[in-house]
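Chains as they are written, first to last, in my numbering: chain A, 14 to 240; chain B, 453 to 855.
We put the CB at the ideal spot given by N, CA and C, even for glycine.
For clarity, every value in this text was computed on a predicted model and none was experimentally measured.
Notes follow once the structure below has been shown.
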């Protein structure tokens, strides 16, 4: 049996704006195993993004524990969390994912650059991934020269180019039409099955939900259904 | 390389904003470099004028001359000839300064009699330039004095003056030239006469109160030290800085004003640069959030913003400096003719620190200051990135991603 990538125990997160308190996560217990393709679904404000951010060490929970590959990460200092994200996680966001002043190839290269991979090796690996994902033709384009679907494909390429253990994707298809949505999800599924990379994505798109291997439904910061 | 590429492209994301700020930074460098070289060119001109008119690069005086100004503090020039005929010396001028009394009809005026080799000094003396008296007893005086004495060219004037032994003597001159001099002391009260004639008439032998030495390019300080080792104890060689303290103070005060003004301007422009970088990073808060989520560390963000400040400053400085050098090339060869402005302010001309100013100001090439001003702006641009970098790298990632 594959071990867990993420283990969340009693995770709570509250956002305060003035006197108002919003419980974004309200006692989440969750385990995600290696190689899973998980869709976190639910209406806006249900806590999907916060859950992904807490899993990725972007936000710290107010209570509870977050474990990543057998290591507790919610107490790690920011510097170590940055290293962890850089070495073991890939991220895809809903929009404005790419650095606008870098080409698609340079965007994908950037993660490897931060890891200190030599330039020649970086370019080789990026070309390999672009070729595998069928987006070689986008290599020299700047984000402003690409459609939303193309940008998300490049963002996925950037997320997986460093062979991370997990890719966290926050509504990666929210701004895409159905054709592009299917293409992007299929791409992630292919990577998941080919390389065994774990995918956790938040969505409320039925096209994504029906393709996911596991679905977690959220409402008001709680998990209401696991499938 | 990636950092440099990223920073350079980020600088040009908002071309209008970068363009305007580059104009401001470049303009500051331009003003700094042009005014620095123009001011130094002007000071050099003033010093040149002052040394030709008065102290020379190095001057030899009796050690009590400055404190007493007594005519008796003259010295024989003959023993110094060996010192004065060395390769470093371009030329030297012997002068006597005497107090006299000019009498016309029933009126009398105290005057200063300056005895010098008019023919020799007329080559480049700022006041006497071009005046070559035909006769040995020819004298040149200021217009103010000529009017007071009611004399014209060709008239005779008689001075009562003490000779080298302290006895009162009468000395006659023929007015050979009348000067329009903007220096009040010269205009109202000075008479320039031939040193040979004065020495013979007043029994001064080869005596002088002052030997002003013009050097070929040797440092005045070094030359003065060398000469002082060989001079008798009653004589001392002074550099022009020591001999003309007023001028040195006037230049120092003027240059301090310029430096303070430039400093103020640079600080204001640096605040503008910091503001531009602030706006630039705030526009990209989410982007920085994405980068941090990917694993970029706060120090990387700081490095990137610092590079953006450095690029902005370097680019703008390069443009400003290039234009400043072109302007300086023009100003150093053609100069600025201020005759019109001078004539509006004064009929005779302008003086500063007791020196007659030449109406055409030419700038110089002073590389230390030129590069110093430019480098200072680049460093300030780099420093201006500190607060924007600190601000943006301090925003929590989750908060940045929500922007």
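Proximity below 8 Å, CB of residue i to CB of residue j
i: residue 761(B); j: residue 833(B); result: yes
i: residue 42(A); j: residue 25(A); result: no
i: residue 124(A); j: residue 171(A); result: yes
i: residue 53(A); j: residue 214(A); result: yes
i: residue 696(B); j: residue 506(B); result: yes
i: residue 754(B); j: residue 815(B); result: no
i: residue 688(B); j: residue 540(B); result: no
i: residue 115(A); j: residue 458(B); result: yes
i: residue 107(A); j: residue 187(A); result: yes
i: residue 427(B); j: residue 548(B); result: Because chain B is modelled from 453 through 855, residue 427(B) falls outside the range shown and cannot be assessed.
i: residue 639(B); j: residue 606(B); result: no
i: residue 692(B); j: residue 499(B); result: yes
i: residue 714(B); j: residue 484(B); result: yes
i: residue 568(B); j: residue 616(B); result: no
Collapsed DSSP secondary structure at residue i in the structure displayed
i: residue 82(A); result: coil
i: residue 14(A); result: With a pLDDT of 42 at residue 14(A), under the threshold of 50, the predicted position of this residue should be treated as unreliable, though the coordinate-derived value follows. Looking at residue 14(A) - three-state DSSP - the assignment turns out to be coil, as it is neither helix nor strand.
i: residue 199(A); result: helix
i: residue 832(B); result: helix
i: residue 653(B); result: helix
i: residue 827(B); result: helix
i: residue 59(A); result: coil
i: residue 518(B); result: helix
i: residue 605(B); result: coil
i: residue 627(B); result: strand
i: residue 96(A); result: helix
i: residue 648(B); result: helix
i: residue 854(B); result: coil
i: residue 665(B); result: strand
i: residue 230(A); result: strand
i: residue 454(B); result: helix
i: residue 621(B); result: strand
i: residue 39(A); result: strand
i: residue 809(B); result: coil
i: residue 611(B); result: strand
i: residue 206(A); result: helix
Chain-ordered chain B contacts of residue i [CB-CB under 8 Å]
i: residue 150(A); result: The contacting residues do not exist; residue 150(A) stays about 22 Å from chain B at best.
i: residue 95(A); result: 744, 747, 748 and 749
i: residue 124(A); result: 746 and 747
Whole-angstrom distance between residue j and residue i, CA atom to CA atom
i: residue 670(B); j: residue 576(B); result: 19 Å
i: residue 132(A); j: residue 191(A); result: 37 Å
i: residue 852(B); j: residue 788(B); result: 55 Å
i: residue 203(A); j: residue 470(B); result: 44 Å
i: residue 119(A); j: residue 91(A); result: 26 Å
i: residue 14(A); j: residue 78(A); result: With a pLDDT of only 42 at residue 14(A), under the threshold of 50, the placement of this residue in the model should not be trusted; the figure read from the coordinates follows. In a straight line, the C-alpha of residue 14(A) is about 23 Å away from that of residue 78(A).
i: residue 618(B); j: residue 516(B); result: 18 Å
i: residue 105(A); j: residue 777(B); result: 51 Å
i: residue 741(B); j: residue 849(B); result: 5 Å
i: residue 175(A); j: residue 127(A); result: 11 Å
i: residue 109(A); j: residue 722(B); result: 31 Å
i: residue 210(A); j: residue 197(A); result: 15 Å
i: residue 727(B); j: residue 772(B); result: 20 Å
i: residue 86(A); j: residue 139(A); result: 29 Å
i: residue 661(B); j: residue 592(B); result: 20 Å
i: residue 231(A); j: residue 63(A); result: 11 Å
i: residue 518(B); j: residue 609(B); result: 29 Å
i: residue 83(A); j: residue 17(A); result: 8 Å
i: residue 495(B); j: residue 810(B); result: 11 Å
i: residue 47(A); j: residue 842(B); result: 38 Å
i: residue 736(B); j: residue 73(A); result: 23 Å
Chain A residues whose Cβ lies nearer than 8 Å to that of residue i
i: residue 458(B); result: 112, 114 and 115
i: residue 853(B); result: 66, 71 and 106
Per-residue contacts from residue i into chain B (C-beta, under 9 Å)
i: residue 217(A); result: Those do not exist, as residue 217(A) stays about 18 Å from chain B at its closest Cβ, beyond 9 Å.
i: residue 99(A); result: 746, 747, 748 and 749
Under 7 Å by beta carbon: chain B residues contacting residue i
i: residue 92(A); result: 749
i: residue 66(A); result: 850
i: residue 60(A); result: Chain B residues near residue 60(A): none, gap ~13 Å exceeds 7 Å.
Closer than 7 Å at the beta carbon, the chain A residues around residue i
i: residue 760(B); result: Correct list: empty, because the minimum Cβ distance to chain A is about 11 Å.
Which runs of the alpha helix (DSSP H) at least 4 residues long sit entirely within the stretch 722-794 of chain B? Give them in chain order. 737-746 and 750-785
Any alpha helix (DSSP H) of 4 or more consecutive residues that is wholly inside the stretch 459-496 of chain B: none
Quick one: complete alpha helix (DSSP H) runs, 4+ long, within the stretch 533-587 of chain B? 533-536 and 570-573
Beta strand (DSSP E) segments (min. 3 residues) lying fully within the stretch 112-200 of chain A: 179-183
Which runs of the beta strand (DSSP E) at least 3 residues long sit entirely within the stretch 668-710 of chain B? Give them in chain order. 687-691
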